[in-house]
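Take a look at the structure set out below.
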Amino acid sequence: MNDITESPESANSVQTVIFALRILEHVAKQKEAVRITDLAAHFETTKTRIFRHLRTLVQYGYIVQDEESERYRVGTRLIALGLLVSGNFDIAGVSQPIMRMLRDKRNHSVVLGVPAADGIHIVAVVPSTAPIEITVRPGSILGFHYTAQGKIGLAFGNPSWLKDTVRNALSTNTPYTIHDERNLVAEVDAIRRQGWAAAPNQAVTGLNALAAPVFDANGTLIASVAVVDSVQFLPEKIDELDIQALLACASAISRKLGYRGPGDSDSPPRLS
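With UniProt numbering, letter number 189 in the sequence shown gets 189, and the count goes up by one each step, no holes.
Shown next, in the form of structure tokens:
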């Protein structure tokens, strides 16, 4: 077999494409149009180099320049591409191979939910292999204050969800359900700090769930992933191995969706 070596010209072309994509991504993340000066400062390079890439992106419609301010923003071609991708996007399909890895490692049922204003919509389930299966049906909607995935929504999702939840009377599903506003707010604050949530006996007596957030490329909460089991196998005092395996699963799914969080490396998390 012949060795294939990349020529210097080819390597330079690849770096050029990568840098143009980085510029495009940065412009897309800004709430307002940006100046060449701002881009040059952000990427620590010259305005001439930035302009060269912007000119190409403008030429193909991915970025447009405002004639009056001379600032740059995303173009209609990029917006159309984003809509096309989102229409074909299957978060369950992306997540399930990683969810199966978590199931195989810890042998709890693994559940993926998508947050909305009315609760967490379950979109994918990987059942455990235990003789007695404890899981959640796809299509179920979980409440915010008494489920682990719901608390993830309150901690990392739209701030209005927490406000609306505490504004209404908190239902008491079991004697262990949080029904006091101050206790709920305190737990949500703790969840933000630790990065995971649990709900032992709070939805149904005898059941527990451990959940973690999944973020998209913009750092927005797009889903939550959880392990579900009886309190016998997922007790109130959570096993650190369960926590670390769940966080690795959530991080791996987030990376598949383009998320690069603080301190995130280029190598994907491992579940083993």
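Heads up, the beta-carbon is just placed ideally off N, CA and C, and yes, glycines get one too.
Check, Outcome
"Going by beta carbon distance, what residues of the same chain come within less than 6 Å of I253, once the five residues before and after it are set aside?", "S95, I98 and V214"
"Looking at the structure shown, is N12 part of a helix, part of a strand, or coil, going by DSSP?", "helix"
"Quick one: grab the DSSP three-state call for G93.", "helix"
"Quick check on I253: does DSSP put it in helix, strand or coil?", "helix"
"Going along the chain, which unbroken runs of the alpha helix (DSSP H) with 4 or more residues stay wholly within the region 153-214?", "159-167 and 181-194"
"Mapping DSSP to helix, strand and coil, what is D229?", "strand"
"Would you call Y146 buried or exposed, if buried means 16 or more other Cβ atoms sit within 10 Å of its Cβ?", "buried"
"Return yes when the Cβ of A248 is within less than 8 Å of the Cβ of A226, no when it is not.", "no"
"Locate the beta strand (DSSP E) running through R73, then write down its first and last residues.", "Y72 to V74"
"In or out: D229 buried (at least 16 other Cβ within 10 Å) or exposed?", "buried"
"Taking Cβ to Cβ, would you say L221 is nearer than 8 Å to G261?", "no"
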